[in-house]
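Enquirer: The sequence shown lines up with residues 836 to 942 when you count with the numbering used here.
The C-beta atom is built at its ideal place from N, Cα and C for all residues, glycine as well.
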Amino acid sequence: MASNDVQTQISALRAEIAALHKDLGERGTEAYETIRDRAGNAVEAARPAVRSATKYVRNEGAAVAQTAREHPAALSTVVLTAGLAGVVIGYLLGSLESEPPRRQRWF
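Quick look at the structure:
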């Protein structure tokens, strides 16, 4: 008799787990579809802005290239100055992060 009750309970639990598994699968599918739709809408909404930004960057790049061709000495000065500034900033940051030397005693 007790064995029959245990078997019945196990069967009920298996049926409940199967129902939960099915429900979880359905909810996961719904969530996936919702997220996919939202992502698609976001991409579509961002597309005009991306096109505009791409066009702007392309135009600015062409203007910079044209200026560099017209004034090569100015370009080399700017590049050299930026490189030196980078070296100085890197040195200062490196010296700020290093720990002061500790004295070791050997006794």
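Rounded to whole angstroms, what's the CA-CA distance from VAL923 to LEU915? Just pull it up for me.
Expert: Translated into the one-based positions of the sequence shown, residue 923 becomes position 88. Translated into the one-based positions of the sequence shown, residue 915 becomes position 80. Roughly 12 angstroms between the two C-alpha positions.
Enquirer: Could you tell me whether the Cβ atoms of LEU910 and ALA920 are closer together than 8 angstroms?
Expert: As a position in the sequence shown, residue 910 is number 75, starting the count at 1. As a position in the sequence shown, residue 920 is number 85, starting the count at 1. Not in contact: LEU910 and ALA920 (Cβ atoms no closer than 8 angstroms).
Enquirer: List in chain order: all unbroken beta strand (DSSP E) runs of 3+ residues lying wholly within the stretch 867-919.
Expert: Correct list: empty.
Enquirer: Go ahead and pull the three-state DSSP assignment for GLN939.
Expert: On the sequence shown, residue 939 is found 104 positions in, with the first residue counted as 1. In this structure, GLN939 counts as coil in the three-state DSSP scheme.
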